[in-house]
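The opening residue of the sequence shown carries number -15 in the working numbering; numbering runs sequentially from there. So the structure is just underneath, and the comments pick up after that.
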Amino acid sequence: MPVLDVPDSACLEGRLDQWKVSCEAVRMAFIIRLTTSIDADPAVVFELESDALVHAESQGSFGESVRVDSGRSDLRLGDEIEIRSRHLGVWFTLTSRITEYEPSRYFVDEQVTGPFASMRHEHLFLARREHTHMVDIMSVKFRGGRLGAVILDVPGKLYLRRVLCVRNAYIKKRAESEQGTRGR
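This is the structure we're talking about:
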């Protein structure tokens, strides 16, 4: 499956137009891989990343709201999360389930219902000396038809990547701020 692996600096500085992506190997599917270096412990980053309310705050520009079936905001194995947000002027609702979960190391959410044929989002937290590498691996398959083909085109992949970048920039800022108040 083609992988969209663009440096964080290009994403955060808005230079995505420089990156060309080929999706000829697999039609209607792709993988986005994003690594963000955060000056905070993995536990701090994990705690923020697995909090549904923090996720909604990070996506405020998309009018996002979330609902967790457990009633808690901290996600755990088996939880289902309903996310409603507006992208490109259209409201979408996606429900995903936490299918794998190991605190401070990783969790995986997979679409149960929503706009994609399938979506799997792996969240990894790798300790590196004085910081954490937060790695997102998002595998997406679009539904068929012309609309799916249009959305899958390069702008769609770059748009989804930008959504992840917005969230990661927010998590990075919060984690580094919280790490500073907690101390190392």
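C-beta: ideal position from N, C-alpha, C; glycine also.
With a 10 Å radius around its C-beta and 16 neighbouring C-beta atoms as the bar for buried, classify residue i as buried or exposed.
i	result
R158	buried
R145	buried
R113	exposed
V204	The question about residue 204 has no answer, for the chain in this structure spans -15 to 168.
D63	buried
Looking at the structure shown, is residue i part of a helix, part of a strand, or coil, going by DSSP?
i	result
Q163	helix
A101	strand
V5	Since pLDDT at V5 reaches only 41, below the 50 mark, its modelled position is unreliable, and no value is offered.
R145	helix
R51	strand
R89	coil
S69	strand
S34	coil
A40	helix
Would you kindly report the start and end of the unbroken beta strand (DSSP E) that includes residue i?
i	result
L59	Run containing L59: none; DSSP gives neither H nor E here.
S123	115 to 126
Hey, residue i and residue j are a contact pair by Cβ (cut 8 Å); roughly how many whole angstroms apart?
i	j	result
I191	S42	Because the chain is modelled from -15 through 168, residue 191 falls outside the range shown and cannot be assessed.
D58	D35	6 Å
Looking only at its chain, what residues have a beta carbon closer than 7 Å to the beta carbon of residue i, apart from the 5 residues adjacent to it on each side?
i	result
A117	Reading off the sequence shown, one finds His at residue 117, where the question assumed Ala. Result list for H117: T19, S21, L110, in chain order.
A101	K125, F126, R127
Skipping 5 residues on each side, what residues in its chain have a beta carbon closer than 8 Å to that of residue i?
i	result
E162	A24, V28, L32
For residue i, which residues in the same chain have their Cβ closer than 6 Å to its Cβ, ignoring the five residues on either side in sequence?
i	result
H105	D93, M122
V52	A36, D63, I65
M103	Q95, V124
R70	F46, G47
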